[in-house]
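Asker:
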Amino acid sequence: MTLKPRTFAFLAVFIAVTFPLLYPLNISDRVSPEAVKFKALVDSISPGSVVMVSFDHEASTVAEVRPLATVLARHLFSRDIKIIGLSLFAEGTAIGNQVLSLVAEEFGKKYGEDWVFLGFRPQFQAAILGMGESIPNVFPRDYYGNVTDTLSLIKAVPNYSKVAMVVSVADGDLGYAWVDYAYTRYHARVAAMLTAVMVASYMPLYASGQLSGLVNGLKGAADYERLLDKPGAAIRSMDAQSMAHAVILLLILGGNAAYWWGRKK
Amino acid sequence: MTAGTVVAAILTLAIFSFLYRENPFFRFAEHLLVGLSAGYFTVIAVQGTLVPKVIEPLKAGDFWVVISFVLIILILGRLTEKTRPASRIPLALVIGAGAGVAVPALLQARILVQLGATMKPLGSLTNVLILVGVITTLVYFYFSREHKGWWGRLASVGTWYLMIFFGATFGNTVMSRISLLIGRLEFLFGDFLGLIK
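As you go down the protein sequences, you meet chains G and Y in turn. Each residue of the first sequence is one higher than the last, beginning at -7 in this note's numbering. Each residue of the second sequence is one higher than the last, beginning at 2 in this note's numbering.
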């Protein structure tokens, strides 16, 4: 068996990621301004208010979105802010429910009063616009099969008018849809927690103020954990992230140097 | 350690085996993922949508939903050649309503507001950079005039902006993909092998 150069590249990245996971190095501690602004945004919401968290992602990006959603739910519950969870992407449904129920249990929050998980609804345009009129009309039953009209939290929040902020935890374009329909049509305050791959394309919406807040991937989650002074999965992963970036940088430089060297010869 | 953790670890290793070469373990895990996703989506759609939005209202005597139900059945017409034309009715409704809803919203959110965001006082370097970026990138995408002379120089500035965007996107993509690898390795070394405390 001959080892190809890419085998060494895989091996280098594997070691760069694994070593800091097993032996934490604590090399990264700079917090991004976006995370600071997002935390301030949540801090500006008064206790007892309601924030809608939409799990708009696939299962494949769980490594990135779960730390984001978890740190957000912890921050919201720690400030006694109530959460209405939902998903506009079928695969995000179970993950969303899992994250909210675990964090709610950690903070002793009661289902139906402090948090509700509505489940999944297809046709995101219709769902987002419909909730601007009536949440129970779009979700007659929640994820557990309860009639939503009977849940005290939903009774108090008939539509976006009583929602302090909508946060889309997204790995694709669904965050745009919240801006396009909930913000533009109903003036709901919209923020997004995104996988890093999506951040550059959301930046114009953030710069224009249509997105009130934006958190960037695992790095953003780690920043948020630092700001809350509650180290978790994201901070633990950032050493691995930094090491992997350093190795990839070296591989790019090495590859280019080899290319130029070969051309010169 | 639960049985689920062991199954997840084996399937993760099966998918990782693709790094060596395509093999039956990888294909099995890949097919399992596709099948499970389809099954999961079906269950979620039936339990979360069909039952509360169609079946239950029908049981409660709300016969307006019969219209939706008929449209659902018509969509299934795509399955055979003979009944395919019938599926065009619900599709036309979905496309028509979708476009009607999307066009004004997108025009407002993606064009008008974004245009407004570029028209800011030029007192700060950021605002100048944004304005120059928007104009030169638009010049780059204006193909009715040859990119020569001063027009060409403007277009090449637009190219630089595009390259910076692609670079930022690629950098973020690398970060995102490494995050996924970290998640899996954390699972293997933590949940499965118990080496991460």
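Glycine is no exception: its CB is placed at the ideal position from the N, C-alpha and C atoms.
Please list, in chain order, the chain G residues whose beta carbon lies closer than 7 Å to that of E187/Y.
Answerer: Neighbours of E187/Y on chain G, chain order: L13 and S229.
Asker: Does the separation of the CB atoms of L121/G and Y173/G fall below 8 Å?
Answerer: Contact: yes.
Asker: What does L64/G touch in chain Y if you count any residue whose Cβ is under 7 Å from its own?
Answerer: What L64/G touches in chain Y: nothing, since even the nearest Cβ is about 17 Å away.
Asker: Under the DSSP definition of a beta bridge, which residues are partnered with K74/G?
Answerer: Partner(s): V42/G.
Asker: Could you check where the beta strand (DSSP E) with G111/G kicks off and where it finishes?
Answerer: Where G111/G is concerned, the enclosing beta strand (DSSP E) stretches over W107 to F112.
Asker: Can a CB atom of chain Y be found closer than 8 Å to the CB of K29/G?
Answerer: No, because no Cβ of chain Y sits closer than 8 Å to the Cβ of K29/G.
Asker: Which one of S193/G, E105/G and L219/G has the shortest CA to CA distance from G168/Y?
Answerer: Out of S193/G, E105/G and L219/G, S193/G has the C-alpha closest to the C-alpha of G168/Y.
Asker: Going by C-alpha to C-alpha distance, which of S79/G, A32/G and R22/G sits closest to A51/G?
Answerer: Ranking the options by Cα distance to A51/G, first place goes to S79/G.
Asker: Given G209/G, which residues of its chain have a CB within under 6 Å of its CB, disregarding the five upstream and five downstream residues?
Answerer: Closer than 6 Å at the Cβ level, and outside the excluded window around G209/G, lie E56, T187 and A188.
Asker: Starting from M185/G, trace the beta strand (DSSP E) both ways and give me its first and last residue.
Answerer: M185/G -> beta strand (DSSP E) spans V182 to L186.
Asker: Are the segment 209 to 219 of chain G and the segment -7 to 10 of chain G touching, with three or more C-beta to C-beta distances below 8 Å?
Answerer: No, the segment 209 to 219 of chain G does not touch the segment -7 to 10 of chain G.
Asker: When the cut-off is 8 Å and only beta carbons count, does K222/G lie next to chain Y?
Answerer: Output row for K222/G: interface = no.
Asker: Keeping to the same chain, check which residues put their C-beta closer than 7 Å to that of Y162/Y; ignore five residues upstream and five downstream.
Answerer: Same-chain partners within the cutoff: G134, T137 and T138.
Asker: Quick check: the Cα distance between M120/Y and P196/G, rounded to an integer number of angstroms?
Answerer: Approximately 13 Å, taken between the alpha carbons.
Asker: Taking C-beta pairs closer than 8 Å, name the residues in chain G that K54/Y reaches, listed in chain order.
Answerer: P132, listed in chain order.
Asker: Return the bridge partner residues of Y162/Y from the DSSP annotation.
Answerer: Bridge partners of Y162/Y: none, in fact.
Asker: So, using beta-carbon positions, are L219/G and K101/G closer together than 8 Å?
Answerer: Cβ distance not < 8 Å, so L219/G and K101/G don't count as in contact.
Asker: Around the Cβ of H49/G, are there at least 16 other Cβ atoms within 10 angstroms (buried) or fewer (exposed)?
Answerer: Result: buried.
Asker: Under a Cβ-count criterion, where at least 16 other Cβ atoms within 10 Å of its own Cβ denotes burial, should D163/G be classed as buried or exposed?
Answerer: Result: buried.
Asker: Given a cut-off of 8 Å, decide if I75/G and S41/G are closer than it, judged by their beta-carbon atoms.
Answerer: The answer is no: Cβ separation not under 8 Å.
Asker: List the DSSP bridge partners of F47/G.
Answerer: DSSP lists V161/G as partners of F47/G.
Asker: Run through chain G and tell me which residues come within less than 7 Å of V114/Y, C-beta to C-beta.
Answerer: Residues of chain G passing the Cβ test: S200 and Q202.
Asker: Report the neighbours of P114/G on chain Y: residues whose CB is nearer than 8 Å to its CB, in chain order.
Answerer: Under the 8 Å cutoff, chain Y gives A46 and T50.
Asker: Going by the DSSP bridge assignment, what does G254/G pair with across the sheet?
Answerer: Bridge partners of G254/G: none, in fact.
Asker: So, is the C-beta of G84/G closer than 8 Å to a C-beta in chain Y?
Answerer: Judged by the 8 Å Cβ criterion, G84/G is not in contact with chain Y.
Asker: Is the closest heavy atom of the ligand SAH to the C-beta of Y135/G under 7 Å?
Answerer: The ligand SAH is not part of this structure, which contains no ligands at all.
Asker: Whole angstroms are fine: how far does the CA of G172/Y sit from the CA of V158/G?
Answerer: Distance between the alpha carbons of V158/G and G172/Y: 28 Å.
Asker: Using only the alpha-carbon positions, how far apart do S144/G and G104/G sit?
Answerer: Cα-Cα distance, rounded: 6 Å.
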